[in-house]
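Undergrad: Using UniProt numbering, the letters of the sequence shown correspond one by one to residues 1 to 234. Note that CB positions come from ideal geometry on N, CA and C, so glycine has one too.
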Amino acid sequence: MCNEFQIRINVDDWWKLHGTGRTPVVRREPRSNRPLNQPIKPTNRAPLLRPLDPANPAEGLESIERRWWLVPFFHKGPVSAWRNMCTNARIETVDTAPAFREAYRRRRVLVPITSFIEYDEPPGWKRGTPKRRWEATWAANEAFDEVRYLAGIWDVCHPSDQSEPLESFAFITGPPGPEVAAVHDRQPAVLNFEEGLEWLKLDGPGKAALVTETAPGDYDLRVRDRSLDFENAE
Numbered sequence: 001m002c003n004e005f006q007i008r009i010n011v012d013d014w015w016k017l018h019g020t021g022r023t024p025v026v027r028r029e030p031r032s033n034r035p036l037n038q039p040i041k042p043t044n045r046a047p048l049l050r051p052l053d054p055a056n057p058a059e060g061l062e063s064i065e066r067r068w069w070l071v072p073f074f075h076k077g078p079v080s081a082w083r084n085m086c087t088n089a090r091i092e093t094v095d096t097a098p099a100f101r102e103a104y105r106r107r108r109v110l111v112p113i114t115s116f117i118e119y120d121e122p123p124g125w126k127r128g129t130p131k132r133r134w135e136a137t138w139a140a141n142e143a144f145d146e147v148r149y150l151a152g153i154w155d156v157c158h159p160s161d162q163s164e165p166l167e168s169f170a171f172i173t174g175p176p177g178p179e180v181a182a183v184h185d186r187q188p189a190v191l192n193f194e195e196g197l198e199w200l201k202l203d204g205p206g207k208a209a210l211v212t213e214t215a216p217g218d219y220d221l222r223v224r225d226r227s228l229d230f231e232n233a234e
């Protein structure tokens, strides 16, 4: 389970620098003041890129921020009453699981990241003490490749304790490649931008084109102390 990731750039500013000649990205709502070094964890709002026209993602994307922890359309109670941890959707069942299948068929999204985080239990670890925190990064082929994208799905529900609809998202995970397998038994599907556009096509290959069991050397995993992120985020 991947329940922490980083996006250490401002998506809108970064796109202006590196997105020339690519799919247009527009922002239709105010940006948050989230510190760029602050990790994103479940229930936090995170940057997303969503098709302006789901039938033709290449025509344009909107830059938005939404809640990470999907609450499905059929939930009618308070947000807190939805306790199923829908942060990750398993690639094996995303198209059949009741909480995810409708979003998979109709509402896909890209989650920009600069790294993702996994935890393991180091030798001598004892319950109640912090686990070891690993940051997974990649060697960017070019400046545009510094940001990659989680294959996401989103949904909208009408909770009884909110006056406005709630939009939220999850992303796809599957069996890990060799680097991540050393610390965890699942890995998110991470895409470059061209692969991301294919993911957004509702009439495209969908999950059949996603790869989580990456090749050796695709990721660099290093222990990253919490203080480097959490304290600097204050």
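Taking the alpha carbon of residue 166 as the point to measure from, which residue in 62, 12, 14 and 71 has its own alpha carbon closest?
TA: As a working mapping, residue 166 is identified with position 166 in the sequence shown. Selected option, being the one with the closest Cα: 71.
Undergrad: Any idea what DSSP makes of residue 168, helix, strand or coil?
TA: The count along the sequence shown starts at 1 and reaches residue 168 at position 168. Strand.
Undergrad: Are the beta-carbon atoms of residue 164 and residue 221 separated by less than 7 Å?
TA: Against the sequence shown, residue 164 aligns to sequence position 164. Against the sequence shown, residue 221 aligns to sequence position 221. Going by C-beta atoms, residue 164 is not nearer than 7 Å to residue 221.
Undergrad: Considering only the alpha carbon of each residue, which of 68, 20, 62 and 4 lies closest to residue 28?
TA: Reading the sequence shown from its first residue, position 28 is the one you call residue 28. Residue 28 has its Cα closest to that of 62, out of 68, 20, 62 and 4.
Undergrad: Would you give the residue range spanned by the beta strand (DSSP E) that residue 219 belongs to?
TA: In the sequence shown, residue 219 corresponds to position 219, counting from 1. Counting along the chain, residue 219 falls outside any beta strand (DSSP E), and DSSP gives it neither H nor E.
Undergrad: Considering only their Cβ atoms, is the gap separating residue 36 from residue 8 smaller than 7 Å?
TA: Residue mapping note: residue 8 aligns to position 8 of the sequence shown, counting from 1. Residue mapping note: residue 36 aligns to position 36 of the sequence shown, counting from 1. Cβ atoms of residue 8 and residue 36: closer than 7 Å.
Undergrad: Please confirm if the stretch 205-221 is in contact with the stretch 123-133, defined as three or more CB-CB distances below 8 Å between the two stretches.
TA: No, because fewer than three Cβ pairs between the stretch 205-221 and the stretch 123-133 fall closer than 8 Å, the two stretches do not touch.
Undergrad: Is it a yes or a no for the stretch 45-64 touching the stretch 190-204, going by three-plus beta-carbon pairs under 8 Å?
TA: The stretch 45-64 is in contact with the stretch 190-204.
Undergrad: In this structure, how does DSSP classify residue 233 when only helix, strand and coil are distinguished?
TA: The residue given as residue 233 occupies position 233 in the sequence shown. Legend: pLDDT at residue 233 = 49, less than 50; position of this residue unreliable, value from coordinates given subsequently. Here residue 233 sits in coil by DSSP.
Undergrad: Rounding to the nearest angstrom, what Cα-Cα distance links residue 20 and residue 204 in this structure?
TA: Taking the sequence shown and counting its residues from 1, the one referred to as residue 20 is at position 20. Taking the sequence shown and counting its residues from 1, the one referred to as residue 204 is at position 204. Spanning the two alpha carbons is a distance of roughly 25 Å.
Undergrad: Using the Cα positions of residue 111 and residue 174, report the straight-line distance between them to the nearest angstrom.
TA: Here the question's residue 111 lines up with position 111 in the sequence shown. Here the question's residue 174 lines up with position 174 in the sequence shown. Their backbone Cα atoms lie some 16 Å apart in a straight line.
Undergrad: Quick check on residue 36: does DSSP put it in helix, strand or coil?
TA: Within the sequence shown, the letter at position 36 stands for residue 36. Of the three classes helix, strand and coil, the one that applies to residue 36 here is coil, per DSSP.
Undergrad: Flag this pair as yes or no: are the beta carbons of residue 189 and residue 143 separated by less than 7 Å?
TA: The residue you call residue 189 lines up with position 189 of the sequence shown. The residue you call residue 143 lines up with position 143 of the sequence shown. In this structure, residue 143 does not lie closer than 7 Å to residue 189 by Cβ.
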